[in-house]
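Participant:
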Amino acid sequence: GEHGVIASGRVIPNDEHPSQPSSSSQSDVNVPSVPMALSPPRTSPRPPTPVRRVLRRKVGVMLPTRVPKPAGVGREDRPPVISRLLNETRTIRVEAPAGCHVCPKRDDIFQWVAVLEGPADTVYDGGTFFCNIHFSMNYPIVPPKVEFLTRIYHCNVNAQGEVCIDILNEKWKPTMTVRTVMMALMSLMYSYEALVPSIAKQYRENRADFDKMARIWTYRYAT
1 GEHGVIASGR VIPNDEHPSQ PSSSSQSDVN VPSVPMALSP PRTSPRPPTP VRRVLRRKVG
61 VMLPTRVPKP AGVGREDRPP VISRLLNETR TIRVEAPAGC HVCPKRDDIF QWVAVLEGPA
121 DTVYDGGTFF CNIHFSMNYP IVPPKVEFLT RIYHCNVNAQ GEVCIDILNE KWKPTMTVRT
181 VMMALMSLMY SYEALVPSIA KQYRENRADF DKMARIWTYR YAT
């Protein structure tokens, strides 16, 4: 992201590039490296911090107790996209998938922040992952753009935080919603494709090393 990565209450600049262990075949995608000399992993994950408290502390976003109203725009004058996003704001308050929270940033209905809790029994267990979601005036004809702010070691997320999900590209449909996007982001914790070839190769050929590196990144950047 443009402003760096939010991790453990601090911003990690974009020019910090940790990388995966060296491999005999390097792809065109540079994967940051993480020193192996880190504190030993915890025997059990830290108790999860309530997502609302994390949002208050780390990101200046509104909590979904109210819905943002664009200044100077009456109900009858609202573009359809704003009415759609306002409705989705209300809906996601009660229909957010388990383990995630999403809401608009303060005073900007087009910019949302999502927080994902790493699922239990995965290499992301115990991590808290932040994402930006940007909606254009062409939503829902055009899908939103999503980027991870928190570093995550994953075949579908590159060093810039860009996410490879088919529904955010060619398989997007106007009937899909924010909830659809959140469910797809949560599914990333369980499934893998090949946006970052070097990580995908490691995942296929040396799963133990992949799992080890993913846990290290989760411990270092997402807790």
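Position 133 of the sequence shown, counted from 1, bears residue number 133 in UniProt numbering, the numbering being contiguous throughout. Note that CB positions come from ideal geometry on N, CA and C, so glycine has one too. Keep in mind that this is a model prediction, so the values were computed, not measured.
1) Under a three-way DSSP split, which group does residue 216 fall into?
2) Given a cut-off of 8 angstroms, decide if residue 109 and residue 178 are closer than it, judged by their beta-carbon atoms.
3) Please report how far the alpha carbon of residue 103 lies from the alpha carbon of residue 80, in whole angstroms.
4) Roughly how many whole angstroms lie between the Cα atoms of residue 90 and residue 101?
5) DSSP state of residue 135, grouped into three classes?
6) What would DSSP say about residue 128, mapped onto helix, strand or coil?
7) Put residue 197 into one of helix, strand or coil per three-state DSSP.
8) Would DSSP call residue 104 helix, strand or coil?
9) Let's test the definition: count the other Cβ atoms within 10 Å of the Cβ of residue 144 and tell me whether it reaches 16, buried, or not, exposed.
10) Is the Cβ-Cβ distance between residue 233 and residue 208 less than 8 angstroms?
11) Can you tell me which of the three DSSP states residue 159 falls into?
12) Would you call residue 98 buried or exposed, if buried means 16 or more other Cβ atoms sit within 10 Å of its Cβ?
13) Could you name the residues of the same chain whose beta carbon sits closer than 8 angstroms to that of residue 95, not counting the 5 residues immediately before and after it, in chain order?
14) Does residue 128 pass the burial test, meaning 16 or more other C-beta atoms within 10 Å, or should it be called exposed?
15) How many Å lie between residue 122 and residue 147 at the Cα?
16) Which two residues bound the contiguous alpha helix (DSSP H) that contains residue 146?
Facilitator: In this structure, then:
1) The sequence position of residue 216 within the sequence shown is 216, counting from 1. If DSSP states are grouped into helix, strand and coil, residue 216 belongs with the helices.
2) Taking the first residue of the sequence shown as position 1, residue 178 is located at position 178. Taking the first residue of the sequence shown as position 1, residue 109 is located at position 109. The answer is no: Cβ separation not under 8 angstroms.
3) As a first step, residue 103 is located in the sequence shown; it is residue number 103 there, counting from the start. As a first step, residue 80 is located in the sequence shown; it is residue number 80 there, counting from the start. About 19 angstroms.
4) Here residue 90 corresponds to residue number 90 of the sequence shown, with the count starting at 1. Here residue 101 corresponds to residue number 101 of the sequence shown, with the count starting at 1. Between residue 90 and residue 101, the C-alpha separation is close to 13 angstroms.
5) Locating residue 135 in the sequence shown gives position 135, where the first residue counts as 1. Correct three-state label for residue 135: coil.
6) For the purposes of this step, residue 128 is taken as residue 128 along the sequence shown, with counting starting at 1. The answer is strand: DSSP assigns residue 128 an E or B state.
7) Here residue 197 corresponds to residue number 197 of the sequence shown, with the count starting at 1. Here residue 197 sits in helix by DSSP.
8) The residue given as residue 104 occupies position 104 in the sequence shown. Strand at residue 104.
9) Start at 1 with the first residue of the sequence shown, and residue 144 comes out as number 144. Burial call: buried.
10) One cannot answer for residue 233 here, as it falls past the ends of the chain, which runs 1 to 223.
11) As a first step, residue 159 is located in the sequence shown; it is residue number 159 there, counting from the start. Here residue 159 sits in coil by DSSP.
12) Position 98 of the sequence shown, counted from the start, is the residue given in the question as residue 98. With fewer than 16 Cβ atoms within 10 Å of its Cβ, residue 98 is classed as exposed.
13) For this step, residue 95 is matched to residue 95 along the sequence shown. These residues qualify, in order along the chain: 179.
14) Stepping through the sequence shown from its first residue, residue 128 is reached at position 128. Burial call: buried.
15) Position 122 of the sequence shown, counted from the first residue, corresponds to residue 122. Position 147 of the sequence shown, counted from the first residue, corresponds to residue 147. Taking the straight line from one Cα to the other gives about 21 angstroms.
16) Here residue 146 refers to the residue found at position 146 when the sequence shown is read from its first residue. Run containing residue 146: none in the alpha helix (DSSP H); it sits in the beta strand (DSSP E), 145-148.
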